[in-house]
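A quick write-up on the structure given underneath.
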Amino acid sequence: MTEWKSMDIDLLVVGGGPAGMAAAVEARQAGLQVLLVDQRERLGGAIYCQPDPGCAPVAMSARHRARWQALSREFAASGAAVEFHTSFAGLDSEGLALLERRASAGEAGRVLPVRARAVVLAVGAVERIAPLPGWELPGVMSAGGLQMMMKRRGAVPVGRTLLAGSGPLLLAVASQMVALGQPPVAIIERARPFGQPAELLKLLATPGYLREALAILARLHKARVPVLHATQLTSIRLAAGGGLEVECRGQGDERRFSVDRVALHDGIRPNDFGLPGGAATGGPVLSRAGDCREALGAVAAIEDGKRAGREAARMLGLKLPAMSLQPVKRERRAQAVLARLFSPALTTPPADLPDETVICRCENRTAGDLRGLLAGHDGLSAREVKLNGRFAMGSCQGRFCADATVDFLRRCGAGAEALEASHLTGRRWPVRPVGIATLLAEGGAAADPASVIRIEEE
Amino acid sequence: MLSPSFHNDAAPPVNDPGHVVIVGAGIVGISAAFFLSRRGVQVTVLEAAAPAAGASGASDGAVSVASKRPGLMMQLGLAGIATYRALASGGVLAGEFRERPTFIVASNAAEAEVLAEHAAALAGAGVTVRLLARAEITGLLPMVSEEVVAVARVEGEGHAIGYRVVERLARAGRFTLRRSAPVDGFVRDKTGRVTAVSTGQGGLIAADAVLVAAGNGSERLLGLSGALIPRKGQLLLTERAAGRLGAPAGPLMSSRYLLSKGAAKGGPADAARSFGLVIDPLATGQFLIGGTREDGVTNTHNDLAAVRHILREAVTLMPDLARLRLLRAFSGIRTATVDRLPIVGAVPGAENLFVATGFEGDGICLGPFMGELVHRLICGEPAAVDINALSPARFTPRAA
Amino acid sequence: MSASFFFWRGEKLEFQPGQTVALALEAAGQRDFGPSATGLRQRYFCGIGACQGCLVRIDDTVVEACLRPVEAGIRVEPLVAGPSVDTDGGRHD
Ligand SMILES: Cc1cc2nc3c(=O)[nH]c(=O)nc-3n(C[C@H](O)[C@H](O)[C@H](O)COP(=O)(O)OP(=O)(O)OC[C@H]3O[C@@H](n4cnc5c(N)ncnc54)[C@H](O)[C@@H]3O)c2cc1C
Ligand SMILES: Cc1cc2nc3c(=O)[nH]c(=O)nc-3n(C[C@H](O)[C@H](O)[C@H](O)COP(=O)(O)OP(=O)(O)OC[C@H]3O[C@@H](n4cnc5c(N)ncnc54)[C@H](O)[C@@H]3O)c2cc1C
Ligand code: FES
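Protein chains in written order, with our numbering: chain A, 2 to 459; chain B, -16 to 383; chain C, 40 to 132.
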């Protein structure tokens, strides 16, 4: 055992989801020394998030269970070093990977600069959330956030929950809620996924998906969960009693729900915000894997992780064949079918949102503010929207507003440049805010030697 | 030194300069465009990227002479402050210019000595400045470390955010602004007069007069080879303190800053990388903390060593900062000159070609004033300040 | 499992070891985590440390409640003490 600071780490893997774990396994097999870090306290990532101690795991389909078991077995046997409660804060201009050991009651946080020869970023996806009036209220969460709660606690939070937005995740979450004995009040889906039989048939090419979908639908049907298609939420308001009043609009009719909780979801996208793009001169070989490269789901994440692990070994000079991209391509085709099935029949263009709709929650900037900024201005650049409008300028650094802001700008015909969310979010470290005390507490000077990252030497 | 009514001066110039093309939409170019267009002059601003894409959008916003020595730069700085005041009360920059004192702090006896001498020099130049007694420091600046031995409180200063000023003036002015329009050269007639500017994509744009306010891009356009030095500055921005810690009424500037900036005698201003600490409390409750001076460096990256160095000094001066999170680190590139003076005036050999650049770490303070001043040069009117010492003639051969 | 406690706004709340602060607060029926720095409310949202909507203070430093494991005796406070400051998110600096 040696202290990390005296080590030359071959490969740093950021993220302990399926992609990161698979990358670590593959790289270990190639003979690299691997350190994997995750901000949380256990492996599994989004899909294989494990329950809190003493809580029952949420049921998983047999094929997912088998995959997870195989992957965690391989990982445990791989000999990769793991550090939990450690988040990647970025890569500095000298090529140092900055790892933030997060504070706990007994230990102050600190930042460990690590020199790695290669870095695989596998930090997963984030959800898209289309803004609507009231999405920022307590009681409203993302469907993924709700799922995370259920996976960790093995139970659905008490109260009436409405699921809304678009995408297969809403159905998956609803099905898990049913399995846990507490179905949602309804699912409000903007798309009309059964309106395209030709697309549905294409799912036959991926029987795994089809079986899973049928099982979910059967369960929802049996539990009589109302699924409203081509319908969307128009507003969420705090009710006098502390609950939420929700309005939605479908084909011609309007409906109201009184609920305790609303879970929103409009698809997922890579969590690539602020991540370094190219390598710094003299810095590590950089790559991305899994959902943070392209959000294609768990099967693709494992395959893509293996590919990235192998690729890192090749880039570091090991003579190994490249891996086939075939499995990832198959998943991409399947995801494309799903995306078409869930292409919304109905959306409020962001430009039509009421003025008071919060777009950037961190900085509390609204649709009205964005309209005001654009008024009388042609071809505003992303930089101006950020600097003068403060969109994507707050602590989440655009993770939940950059897409909506860019969508708004595009539909208003603004933008001298081809606008992308990354123009608003940039590529800077820290990729997330880091405590100043934490930044100043140097890893090398750790008081407690047991808490210093150690790596097994061959 | 300034004509007191300048901010209301919207009368057309006696000799209309015709179509003026301005290269660069930083604070200097946009200020000049604002003042020209207000008097009815036709102006087109050509910007390589986007407004405030250069230093003006990646800087602090001290509108201040606190670090200056008596002399021309001090005189210009005072005119800069006066211009902000006028534009703020005149409406265009209302709410964007915040008046506040600057606190220069000394953490040891040697620094205190430099500070006392500096304060005397400021006072001699007519600046209101007061050295605070130790008891006063505790009362007025309870957030500073006990190691602080002396503080000079400089009055009559303020703060403005570069990109906000650019935005306001661009909105208020009536001129054409073209983004993503880099200028790559000029067309001249036999006498040397510029007749058009050429842009990479759009061909030629006819011009009756041209102002180059392109920051570090000015060197290549004007052949000022060797005159300009890009000087990188790393800056750090905290999250909003949201009432969790007390903010001083104005920026805290380490008196070592005087040395770093070369304002005080004998400072190591020529070191390749130097640090000068300023902790600037922003209206949002955030703190902007700077910074470095890195000569010849043009990348806008941040390195852990510099960030830690800046933060360590900041926390030493104001310990509570350790409780905040760092939200963002970024860098801007100042345009410095080899003789430390800006370059402003008509370019020798081309009577209708003007330049205004080289403002190093003072361009936010000086920008609107320089815009006003240059607009007069372009209109053939006398400048409010004698700027002969700033003439580009000192770098360009007469026969260019 | 024996009960453990932590403090939310000075109030003693029970939690299960291994839980995050956010889930412990939710389980105790607390879903409004207090004012945000710009006049909205802090609350659990994404569960993965991305949205910064669940920021709270522990030992006077700001942390994501959804990432921080709850520990016995810790004192968790809202991001902003008292009523929110700077409700005008539009003051630009
Ligand atoms: C909310 C949500 C729910 C989903 N539910 C399903 C589902 O039910 N079924 C399905 O097939 N697919 C689901 N997906 C898709 C799922 O993300 C992928 O199938 C798979 O989990 C992707 O694996 P990954 O390894 O790329 O990323 P993830 O599994 O997301 O793993 C990323 C890991 O990186 C860690 N991390 C993130 N940022 C940092 C950082 N800065 N420093 C250190 N660690 C960090 C995270 O804690 C996480 O453990 C869901 C996605 C999301 C976002
Ligand atoms: C870290 C830092 C802190 C600072 N702090 C302060 C402070 O507190 N107070 C203060 O007064 N000043 C400060 N400054 C200095 C101030 O920011 C600059 O002096 C000022 O912004 C310069 O403005 P400018 O318009 O001359 O140049 P810039 O803002 O650099 O603008 C030049 C513009 O020209 C464009 N351009 C370049 N080449 C071409 C071309 N060929 N064609 C078309 N367009 C072109 C660029 O894209 C750019 O937009 C600081 C600077 C930095 C970097
Ligand atoms: S809930 Fe989004 S960061 Fe914690």
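Don't be surprised by glycine CBs; every beta carbon is placed ideally from N, CA and C.
Item, Value
"So, does the CB of A76 (chain C) fall closer than 8 Å to a CB anywhere in chain B?", "yes"
"Would K248 (chain B) be called buried (16 or more neighbouring beta carbons within 10 Å of its own) or exposed?", "Any reading at K248 (chain B) is ruled out, since the residue's pLDDT is 42, under 50, leaving its predicted position unreliable."
"Looking only at DSSP bridge pairs, what is D399 (chain B) linked to?", "This structure cannot settle anything about residue 399 (chain B), because the visible part of chain B is limited to -16 through 383."
"Can you confirm whether the region 291 to 308 of chain B touches the region 127 to 134 of chain B when touching is taken to mean that 3 or more C-beta pairs between the two stretches lie within less than 8 Å?", "yes"
"Between the Cα of L381 (chain A) and those of B:A153, B:V48, B:G109, spot the shortest distance and give me the residue it belongs to.", "B:A153"
"Just to confirm before moving on: does the CB-CB distance between T358 (chain A) and P134 (chain A) stay below 8 Å?", "yes"
"Cα separation between I237 (chain A) and C249 (chain A)?", "9 Å"
"Straight-line CA distance for D191 (chain B) to G40 (chain B)?", "29 Å"
"By alpha-carbon positions, which one of B:L211, B:E96, B:G73, B:P351 ends up nearest to L241 (chain B)?", "B:E96"
"Provide the residue span of the beta strand (DSSP E) that contains A328 (chain A), from first to last.", "Looking at the sequence provided, one finds Pro at residue 328 (chain A) rather than Ala. No beta strand (DSSP E) contains P328 (chain A), which is instead part of the alpha helix (DSSP H) from 327 to 342."
"Please report how far the alpha carbon of A438 (chain A) lies from the alpha carbon of R111 (chain A), in whole angstroms.", "8 Å"
"Could you tell me if T426 (chain A) is buried or exposed, where buried requires 16 or more neighbouring beta carbons within 10 angstroms of its beta carbon?", "buried"
"Based on the DSSP output, what are the partners of R377 (chain B) in its beta bridges?", "Paired residues: none, contrary to the question."
"Can you list the residues of chain B that G436 (chain A) reaches, using a CB-CB cut of under 9 Å?", "A305, R306, L307, R308, L309"
"In whole angstroms, what separates the C-alpha of S181 (chain B) from that of V166 (chain B)?", "6 Å"
"Is the region 208 to 217 of chain A in contact with the region 243 to 263 of chain A, if contact means three or more CB pairs nearer than 8 Å?", "no"
"Would you say L440 (chain A) reaches chain B, if we count a Cβ-Cβ gap shorter than 8 Å as a contact?", "yes"
"If you drop the 5 nearest sequence neighbours on each side, which residues of the same chain put their C-beta closer than 6 Å to that of V26 (chain B)?", "V3, A16, L19, S20, F158"
"Who pairs with I188 (chain B) in a beta bridge, going by DSSP?", "B:V180"
"Hey, could you find the ends of the alpha helix (DSSP H) A119 (chain A) is sitting in?", "Here A119 (chain A) belongs to no alpha helix (DSSP H); instead the beta strand (DSSP E) covers 117 to 122."
"What's the C-alpha gap between H101 (chain B) and L294 (chain B)?", "26 Å"
"With a threshold of 8 Å on Cβ separation, who are the neighbours of V119 (chain C) within its own chain once the five nearest residues in sequence on each side are excluded?", "G73, P74, S75, A76"
"May I ask whether a heavy atom of ligand 1 can be found less than 7 Å away from the beta carbon of G274 (chain B)?", "no"
"To the nearest angstrom, report how far apart A89 (chain B) and R256 (chain B) are at their CA atoms.", "21 Å"
"With distances taken from CA atoms, which of A:L170, A:M150, A:L229 is nearest I188 (chain A)?", "A:L229"
"According to DSSP, simplified to helix, strand and coil, what is L371 (chain A)?", "helix"
"Is K387 (chain A) helix, strand or coil by DSSP?", "helix"
"I want to verify the contact list: residues of chain C whose CB lies under 8 Å from the CB of P54 (chain A), in sequence order.", "Q55, P56, G57"
"Between B:A31, B:A8, B:G74, B:T85, which has its C-alpha nearest A45 (chain B)'s C-alpha?", "B:T85"
"Output needed for V407 (chain A): all residues of its chain with C-beta closer than 6 Å, excluding positions within five of it in sequence on either side, in chain order.", "L420, A422"
"Indicate the three-state DSSP secondary structure (helix, strand or coil) for V327 (chain B) in the structure shown.", "strand"
"Would you call the CB atoms of T283 (chain B) and A210 (chain B) closer than 8 Å?", "no"
"Please report the straight-line C-alpha distance between L13 (chain A) and M150 (chain A), rounded to a whole angstrom.", "29 Å"
"Can you have a look at R225 (chain A) and say buried or exposed, based on whether 16 or more other CB atoms are within 10 angstroms of its CB?", "exposed"
"Express the C-alpha separation of G206 (chain B) and V177 (chain B) in angstroms, rounding to a whole number.", "15 Å"
"Around the Cβ of V(-3) (chain B), are there at least 16 other Cβ atoms within 10 angstroms (buried) or fewer (exposed)?", "exposed"
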